[in-house]
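Notes for the one structure printed next.
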Amino acid sequence: MRMRYSVAMTAVLGVPSVWAADLTVKVEIPRLTVAEYHRPYTAIWIEKADQSFAANLAVWYDLKMKNNEGTKWLKDIRQWWRKSGRELQMPVDGLSGATRAPGEQTLTFSGAKSPLDKLPAGDYQVVVEAAREVGGRELVRVPFTWPPKAPQSNKAKGEHELGAVSIDTKP
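Count along the sequence shown from 1, add 165, and you get the number used in the numbering used here.
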């Protein structure tokens, strides 16, 4: 009897939980040589395989403008705005933040403490969209499977407003 109980407990405790998985997103914002440079407004979210919205991960915009005027240009992040942005009242704690300087930016999400804990098993995409004043707009999609059964790494590369975008998942 004791043996069966310990085997059952080992089986239960040894199975990785969906809630324990992690997702790391790395976004490179390239240094552009232009006459008038503005940091891009950037949205990072998750879409289902059919490109319908699943969850927001981050939104970077100008938080320091008077009277919350930075929100006025969030609609320039067009795809994100249509799928989720117009429904949000910014700023959103844990989601919104200041625009980021050129270089690699890293975000890590633990499944138990993030929008990932509500994702059903399936195929998804991390979507990164950037729009820059007096500049361009770009969208990059990186596929992944949730929850990961083994560590995964995927990446894609933007052409002008975004550099390399990579994701790493681990159970």
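Positions of the beta carbon are idealized from the N, C-alpha and C atoms, including for glycine.
Cβ neighbour criterion (16 or more within 10 Å) applied to Ala-315: exposed
Beta-carbon spacing of Ala-208, Glu-294 below 7 Å: yes
Glu-298 classed as buried or exposed, judged by whether at least 16 other C-beta atoms fall within 10 angstroms: exposed
Selection from Lys-229, Met-255, Pro-308 and Arg-196 that minimises the alpha carbon distance to Asp-288: Pro-308
Own chain residues within Cβ distance below 6 Å of Ser-279, not counting five before or after: none
Extent of the continuous beta strand (DSSP E) to which Gln-244 belongs: Element bounds for Gln-244: not the beta strand (DSSP E) but the alpha helix (DSSP H), 243-248.
Inter-residue Cα distance where the pair is Tyr-226 and Leu-260: 11 Å
For Ser-182, the three-state DSSP class (helix, strand or coil): Residue placement at Ser-182 is poorly supported in this model, since its pLDDT is 41, which falls under 50; the coordinates are not used for a value here.
Start-end ranges of the beta strand (DSSP E) lying completely within the stretch 254-316, minimum 3 residues: 261-263, 268-275, 287-296 and 302-311
Residue span of the beta strand (DSSP E) that contains Asp-187, given as start and end: 187-194
Anticipated Cβ contact below 8 Å, Gly-123 with Pro-195, distance rounded: Here the chain covers residues 166 to 336 and nothing more, so residue 123 does not appear.
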